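Have a look at the structure below before the remarks.
2 protein chains.
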Amino acid sequence: MASARGTPQGGTGADDAPALDLADYLPYRLSVASNRTSALVSRAYQDRFDITLWEWRILAVLGNVEPKTAQELVEATAMDKVTVSRAVRGLDEKGFVARTRHKTDGRSTHIRLTEKGREIYETVAPVALTFEQILLEDMTPDEIAVLKSLLIRLQARAEALLSEGGDIR
Amino acid sequence: MASARGTPQGGTGADDAPALDLADYLPYRLSVASNRTSALVSRAYQDRFDITLWEWRILAVLGNVEPKTAQELVEATAMDKVTVSRAVRGLDEKGFVARTRHKTDGRSTHIRLTEKGREIYETVAPVALTFEQILLEDMTPDEIAVLKSLLIRLQARAEALLSEGGDIR
DNA sequence: ACAATTTAGTTGCAAATGATACTATTTTCC
DNA sequence: GGAAAATAGTATCATTTGCAACTAAATTGT
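Residue numbers (this note's numbering), protein chains in the order written: chain Y, 23 to 191; chain V, 23 to 191.
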């Protein structure tokens, strides 16, 4: 009846549903926190080093282990293969990575940092770590560890649900 | 020197830099967890109710407090004004909200749920809450509370940095 | 009172993104 | 050995997004 319900939070407790408060809804909280953080990170990389966030992720992986195939980068970065393909092309055009033919699999390529790529990695990595520290400045190491581990569990759960039914029942 | 550095993690500890491991990098963890979760949520709303995630956020706010101006929705949903404008238009076209002239400010409009909008809100809200429960099934109430509160702190910190310098120094 | 500035909300356009289709190679398995 | 299926990576196209410009109304300051 289009009831003049107004704000339900004042109810006398006889309400049955737990009430939905967007501000306390985890997917929302997660999304906002992530967007704000990503905005900050993207801007830093883009402005100062002219690389996108996705390109940076590729660099970060290659900085540790080389070479990698595109497929391996997909797994390591949790980006989809189209995104990886475009990011690698971008890096290639800027001269940060080189692609060489995979010896045993003609469909695939080995991707590795060029000297220039190694240089930018060495430059950006400490900045990224410092940034993380600044972002987490007001949290204790304990809290940080908890946060990271909860995020990982959450992600695993979401992935399981995503493949499982796909739909929520 | 394009040093044949390979994987630094094996080092004998004499290394000075803390080493950047993408898998342990918070902005990355946050982004992946959020994307996975959002994918799940978006799909659920889109498939079953034909509303976008942004439209749903608007509904969720209006379900609690009506009416709201677009500007108030911007604040309540953390979406930017263009996104809100588009989402409200979508909801209007589907007949879920109505816009009426603001009495004292001619630039602005009051946005409120229609009866149909109230109905879909009442339908979706419990589904959303159930979904949250399923997603968080393997966490204790304590862990959930901690996660939410850490996310809020993180977001506040990111916002502060974002406005503050804009750039990271 | 009225010019200058600010604010609410929308629109237009360019860039980013995602789903799908496609090519080339490799693997499977009869 | 070779047809059928799978995989790596790229290209294409439609949709989404984000920025900047815009209109209209309100506020400010003189």
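Yeah, the Cβ is synthetic: ideal placement off N, Cα and C, and Gly gets one too.
Quick caveat: nothing in here was measured; it's all calculated off a predicted structure.
Check: What residues are listed by DSSP as bridge partners for T131/Y?
Finding: Residue 131/Y sits at position 109 when you count from the first residue of the first sequence. In DSSP, T131/Y forms a bridge with R123/Y.
Checklist line | Residue-chain proximity (D189/Y, chain V), Cβ-Cβ < 8 Å | finding: Position 167 of the first sequence holds residue 189/Y. Note on D189/Y: pLDDT 43, under 50, position unreliable in the model; the coordinate value appears next. Judged by the 8 Å Cβ criterion, D189/Y is in contact with chain V.
Check: From L113/V, P49/V and A55/V, pick the residue whose C-alpha is nearest to that of A82/V; which is it?
Finding: By one-based count along the second sequence, residue 82/V stands at place 60. Nearest C-alpha to A82/V: L113/V.
Check: So, does the CB of G85/V fall closer than 8 Å to a CB anywhere in chain Y?
Finding: What you label residue 85/V is simply residue 63 of the second sequence in a count that begins at 1. It does; some Cβ of chain Y falls within 8 Å.
Notebook entry, point to check: How many Å lie between W76/Y and V106/Y at the Cα?
Noted result: Taking the first sequence and counting its residues from 1, one reaches residue 76/Y at position 54. Taking the first sequence and counting its residues from 1, one reaches residue 106/Y at position 84. Between W76/Y and V106/Y, the C-alpha separation is close to 8 Å.
Notebook entry, point to check: So, helix, strand or coil for T90/V, using DSSP?
Noted result: In the second sequence, the residue the question calls residue 90/V occupies position 68. According to the sequence provided, residue 90/V is Lys. The question's Thr does not apply to it. K90/V falls in the strand class under three-state DSSP.
Check: Between L172/V and L169/Y, is the Cβ-Cβ spacing less than 8 Å?
Finding: Position 150 of the second sequence, counted from the start, is the residue given in the question as residue 172/V. Position 147 of the first sequence, counted from the start, is the residue given in the question as residue 169/Y. Closer than 8 Å, so yes.
Check: In chain order, which beta strand (DSSP E) runs of at least 3 residues are fully inside the region 42–119 of chain Y?
Finding: none
Checklist line | Listed by chain order, chain Y residues near I73/V by CB distance under 8 Å | finding: Position 51 of the second sequence, counted from the first residue, corresponds to residue 73/V. In chain order: nothing, as chain Y lies at least about 14 Å away.
Next item on the list: Give me the Cβ distance between V54/Y and A41/V, rounded to the nearest whole Å; I'm assuming they're in contact under 8 Å.
Entry: Translated into the one-based positions of the first sequence, residue 54/Y becomes position 32. Translated into the one-based positions of the second sequence, residue 41/V becomes position 19. Contact flag wrong, Cβ pair sits at about 30 Å.
Check: Q177/V versus chain Y: which residues are under 7 Å apart at the beta carbon?
Finding: The sequence position of residue 177/V within the second sequence is 155, counting from 1. Residues of chain Y passing the Cβ test: V54, A55 and R58.
Note to self: Measuring CB atoms only, is the region 85–95 of chain Y touching the region 132–143 of chain Y, in the sense that at least three cross pairs come out at less than 8 Å?
What the structure shows: yes
Check: Considering only C-alpha positions, which residue in the set R70/Y, P89/Y, M161/Y and E115/Y is nearest to T122/Y?
Finding: Sequence index remark: in the first sequence, residue 122/Y carries index 100 (1-based). Cα-wise, what sits closest to T122/Y is P89/Y.
Checklist line | S56/V to P49/Y span [Cα, whole Å] | finding: Counting from 1 along the second sequence, the entry for residue 56/V is found at position 34. Counting from 1 along the first sequence, the entry for residue 49/Y is found at position 27. Using only the alpha carbons, I get a separation of about 7 Å.
Check: When the Cα of T5/Y is compared with those of S60/Y, A45/Y and W78/Y, which residue comes out closest?
Finding: Residue 5/Y is absent from the structure shown; chain Y starts at 23 and stops at 191.
Note to self: So the candidates are Y47/V, I142/V, V63/V and D127/V; which of them puts its Cα closest to the Cα of Q155/V?
What the structure shows: Here the question's residue 155/V lines up with position 133 in the second sequence. Per the Cα distances, V63/V.
Check: Would you say L184/Y and R58/V are within 8 Å of each other, going by their C-beta atoms?
Finding: As a working mapping, residue 184/Y is identified with position 162 in the first sequence. As a working mapping, residue 58/V is identified with position 36 in the second sequence. A contact, by the Cβ cut-off of 8 Å.
Notebook entry, point to check: Hey, would you say G139/V sits closer than 8 Å to V119/V, going by beta carbons?
Noted result: Residue mapping note: residue 139/V aligns to position 117 of the second sequence, counting from 1. Residue mapping note: residue 119/V aligns to position 97 of the second sequence, counting from 1. For G139/V and V119/V, yes; Cβs fall inside 8 Å.
Notebook entry, point to check: How long is the line joining the alpha carbons of R51/V and A98/Y, rounded to whole angstroms?
Noted result: What you label residue 51/V is simply residue 29 of the second sequence in a count that begins at 1. What you label residue 98/Y is simply residue 76 of the first sequence in a count that begins at 1. Going from the Cα of R51/V to the Cα of A98/Y covers about 12 Å.
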